[in-house]
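Numbering (the numbering used here), first residue to last: 865 to 1060.
Below is one structure; the comments refer to it alone.
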């Protein structure tokens, strides 16, 4: 016996399925709109949705809404200051020829033994600001992204040999090598996170 325009069991299945699909869309819309909050899920001002993954100890950016090109460029350029701050923090300043005055080959060996870049990557993987920067880099055009990441791979200092003098403005060859390794590791992490 038909009820309205729905005939038999197959018609009712379509109505139920349609209701389930509509309900799912309503929940997604409520979540994105901020009406429903789930634990370990955050929506920041840049409209990136991040999910904390306690099993792996990292933050995964799952959905990104790009800002205007100018805003994305400003946020994306923060990658350079992130890298430079890490270079300053992990590579001691060089200002003289004695071992305690410069980043030496022994310091570079210790840098590798201590797996400094691994600890940097682990720290950045948990950093929400870094995740926002990665998302902004993903919003850049391929050409702009290439220019930015090429610039980000540069060392913080020129070597003393390049400068022709020993000065705080420069760095030893070993120190510049460590700076380059840090920059490359961070850019590699950006690409890995961006391509997830």
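Using N, Cα and C, we set each Cβ at its ideal position, and we do this for glycine too.
Give every residue of the same chain whose Cβ lies closer than 6 Å to the Cβ of residue i, excluding the five residues on either side of it in the sequence, and list them in chain order.
{"i": "residue 1060", "result": "none"}
{"i": "residue 1005", "result": "none"}
{"i": "residue 1030", "result": "1024"}
{"i": "residue 959", "result": "965, 1032"}
{"i": "residue 830", "result": "For residue 830 there is no data in the structure shown, the boundaries of the chain being 865 and 1060."}
{"i": "residue 1007", "result": "none"}
What are the boundary residues of the alpha helix (DSSP H) that includes residue i?
{"i": "residue 1000", "result": "992-1003"}
{"i": "residue 1019", "result": "Element bounds for residue 1019: n/a, residue is neither H nor E."}
{"i": "residue 1029", "result": "No alpha helix (DSSP H) holds residue 1029; DSSP gives it neither H nor E."}
{"i": "residue 1058", "result": "1037-1058"}
Would you grab the beta carbon distance between residue i and residue j for me? Rounded to a whole angstrom, and I think it's under 8 Å.
{"i": "residue 954", "j": "residue 1042", "result": "7 Å"}
{"i": "residue 1036", "j": "residue 934", "result": "No, residue 1036 and residue 934 are not in contact; Cβ-Cβ is about 39 Å, not under 8 Å."}
{"i": "residue 984", "j": "residue 950", "result": "6 Å"}
{"i": "residue 1032", "j": "residue 957", "result": "6 Å"}
{"i": "residue 1047", "j": "residue 1016", "result": "6 Å"}
Once the 5 residues before and after residue i are set aside, which same chain residues still bring their CB inside 7 Å of it?
{"i": "residue 1040", "result": "1019, 1021, 1023"}
{"i": "residue 1045", "result": "981"}
{"i": "residue 930", "result": "936, 1003"}
{"i": "residue 909", "result": "Confidence is the limiting factor: at residue 909 the pLDDT is only 42, short of 50, which leaves the residue's position unreliable and the question unanswerable from this model."}
{"i": "residue 1009", "result": "1001"}
{"i": "residue 1058", "result": "998, 1001, 1002"}
With a cut-off of 9 Å, does the C-beta of residue i fall near any C-beta of chain D?
{"i": "residue 973", "result": "Absent here is chain D; the protein component of the structure consists of one chain."}
Residues in its own chain within less than 8 Å of residue i by CB, not counting five upstream and five downstream?
{"i": "residue 1013", "result": "943, 1001, 1051, 1054, 1055"}
{"i": "residue 969", "result": "1038"}
Could you tell me if the beta carbon of residue i falls within a distance shorter than 8 Å of some heavy atom in the ligand ZN?
{"i": "residue 930", "result": "Looking at this structure, you won't find the ligand ZN or any other ligand, since it has none at all."}
> Below 8 Å, can you find three or more Cβ-Cβ pairs linking the stretch 997-1004 to the stretch 935-943?
Replying inline: The stretch 997-1004 vs the stretch 935-943: in contact.
> Quick check: the stretch 970-989 against the stretch 1045-1053, are there 3 or more CB pairs under 8 Å?
Replying inline: Yes, the stretch 970-989 touches the stretch 1045-1053.
> Unbroken alpha helix (DSSP H) runs of length 4 or more, entirely within the stretch 927-994: which are they?
Replying inline: Here the runs fully enclosed are 933-940, 942-954, 969-977, 980-989.
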